[in-house]
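Report on one structure; see the data block that follows.
In the numbering used here, the protein residues as written are 1 to 383.
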């Protein structure tokens with residue numbers, strides 16, 4: 001059976017009625033489809049009723065403009081190796097009144113994170129990270145023999161910027177996730193500026209990476225970004241992804257932004273992959289569709305408020321979230337809660353040591369979260 005490009009897009013749910021939903025394809029990617037045995041020409045039905053809220057994915061997927069761009073680029077021309085995707089770096093740079101040379105593209109953010117650790121740390125120049133925080137840089141550091149200094153988060157689960165600045169003395173790289181994953185907390189632009197100034201004063205050779213994967217969901221995505229600092233200071237750079245608010249995790253695209261010489265060092269340290277033409281087309285369309293991003297922010301906030309209130313009513317606290325997930329204090333072992341939810345076909349997040357009484361709950365659609373709320377209530381009330 002041979003599918004036309006329009007039949008393919010329709011079959012994966014552009015109109016919302018396909019055998020596979022487009023958000024599933026976009027947010028999980030080929031690897032998870034293969035793991036589920038989806039290898040034939042006719043995909044099987046995905047198990048209905050299962051709610052996956054464990055991976056901080058965007059359940060709504062990309063906007064209509066991105067989908068139209070994907071559809072328009074599917075042709076026999078994809079059989080040719082691409083040149084650098086025309087216009088993508090320029091479109092990203094234009095958001096910040098920068099130049100293409102300030103932007104480093106990657107197939108997802110993983111290569112950028114690995115490249116930064118390899119470029120700027122060594123056995124004599126440690127990595128500094130919060131704990132708990134995003135763990136990929138720590139994994140890379142340990143793999144290559146770089147020591148790691150982990151700074152516990154504050155009592156309110158925010159990153160301890162004072163402790164991070166102290167730990168930065170003599171370090172090669174400070175990784176600062178803002179908003180932080182998994183705690184969902186956010187530091188203002190003024191706080192980040194003061195932190196960077198302190199590190200630059202006390203440890204001038206240390207590099208500072210601000211990872212802003214979730215900043216589009218924050219209370220201040222414009223004023224909170226460190227991009228202006230990165231464009232001015234070669235020791236500062238920012239990493240971002242299209243996997244979260246843009247709903248393109250399955251298409252794999254991330255970027256770093258900063259001074260050209262900094263981008264060159266990261267790119268030379270680790271292979272970043274080649275962005276494919278379909279991903280580039282969808283990304284450009286998404287960047288040129290700010291109205292969709294605003295709708296996405298509003299819908300995420302609506303669902304987030306519902307879930308926060310749900311857990312509050314159940315006596316489970318969570319800090320104010322600036323992301324598309326909550327970090328909920330269950331007051332008991334998260335493993336037991338996770339297993340009980342899974343029996344009801346709801347999958348929540350993994351453990352985040354040392355906070356084994358906190359559960360990271362990603363946000364699905366409002367319909368998914370209403371159904372999940374009933375499961376949470378049953379599990380927590382029956383204990």
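Idealized CB from N, CA, C, for every residue including glycine.
Can you name the start and end residues of the alpha helix (DSSP H) that residue i belongs to?
i	result
residue 264	260-269
residue 139	136-143
residue 379	366-382
residue 293	290-313
residue 238	Element bounds for residue 238: not the alpha helix (DSSP H) but the beta strand (DSSP E), 236-241.
residue 284	277-287
residue 360	Element bounds for residue 360: not the alpha helix (DSSP H) but the beta strand (DSSP E), 358-362.
residue 92	88-94
residue 227	227-232
residue 156	Looking at the DSSP string, residue 156 is not in any alpha helix (DSSP H), and its letter there is neither H nor E.
residue 71	64-73
residue 335	334-343
Taking 8 Å as the cut-off, decide whether the C-beta atoms of residue i and residue j are in contact.
i	j	result
residue 326	residue 311	yes
residue 63	residue 273	no
residue 227	residue 206	no
residue 294	residue 53	no
residue 132	residue 146	no
residue 317	residue 329	yes
residue 217	residue 300	yes
residue 158	residue 193	no
residue 357	residue 375	no
residue 135	residue 254	no
residue 219	residue 322	yes
residue 366	residue 303	yes
residue 283	residue 67	no
residue 195	residue 164	yes
residue 104	residue 263	yes
residue 353	residue 156	no
residue 94	residue 285	no
Along the chain, where does the beta strand (DSSP E) containing residue i start, and where does it finish?
i	result
residue 176	173-177
residue 198	First-last for residue 198: 189-202, but that is the alpha helix (DSSP H), not the beta strand (DSSP E).
residue 272	Premise fails: residue 272 is in no beta strand (DSSP E) and is neither H nor E.
residue 325	325-329
residue 164	Segment 161-167 is the alpha helix (DSSP H) holding residue 164; no beta strand (DSSP E) there.
residue 210	207-211
Is it right to say residue i is buried, meaning 16 or more other beta carbons lie within 10 angstroms of its own, or is it exposed?
i	result
residue 296	buried
residue 51	buried
residue 308	buried
residue 209	buried
residue 42	Residue placement at residue 42 is flagged as unreliable, the pLDDT there being 42, under the threshold of 50; a coordinate-derived value is accordingly withheld.
residue 81	exposed
residue 265	buried
residue 40	Reliability fails at residue 40, whose pLDDT of 42 lies under 50, so the model's placement of it is uncertain and the value that follows must be treated cautiously. It counts as exposed.
residue 360	buried
residue 106	buried
residue 37	Unreliable positioning characterises residue 37 in this predicted model, as indicated by a pLDDT of 41, which lies under 50. The coordinate reading is nonetheless provided below. Label assigned to residue 37: exposed.
residue 86	exposed
residue 60	buried
residue 149	buried
residue 350	exposed
residue 211	buried
residue 190	exposed
residue 92	buried
residue 118	buried
residue 76	exposed
residue 280	buried
residue 183	buried
residue 204	exposed
By DSSP's criteria, residue i is part of a beta bridge. Which residues make up the other side?
i	result
residue 50	In DSSP, residue 50 forms no bridge with anything.
residue 254	106 and 241
residue 127	148 and 173
residue 317	329
residue 346	51
residue 122	125
Chain C beta carbons: is any one of them nearer than 8 Å to that of residue i?
i	result
residue 272	Within the model displayed, chain C is absent; a lone protein chain is all it includes.
Segment contact flag, the stretch 195-215 with the stretch 342-352, C-beta cutoff 8 Å, min 3 pairs:
no
Counting beta carbon pairs with one atom in the stretch 255-264 and one in the stretch 121-134, are three or more of them shorter than 8 Å?
no
Evaluate contact between the stretch 101-115 and the stretch 227-242, counting only Cβ atoms and requiring at least three cross-stretch pairs below 8 Å.
yes
Do the stretch 277-295 and the stretch 138-149 touch if we need at least three Cβ pairs shorter than 8 Å?
no
Count Cβ pairs between the stretch 241-252 and the stretch 86-98 that sit closer than 8 Å; are there 3 or more?
no
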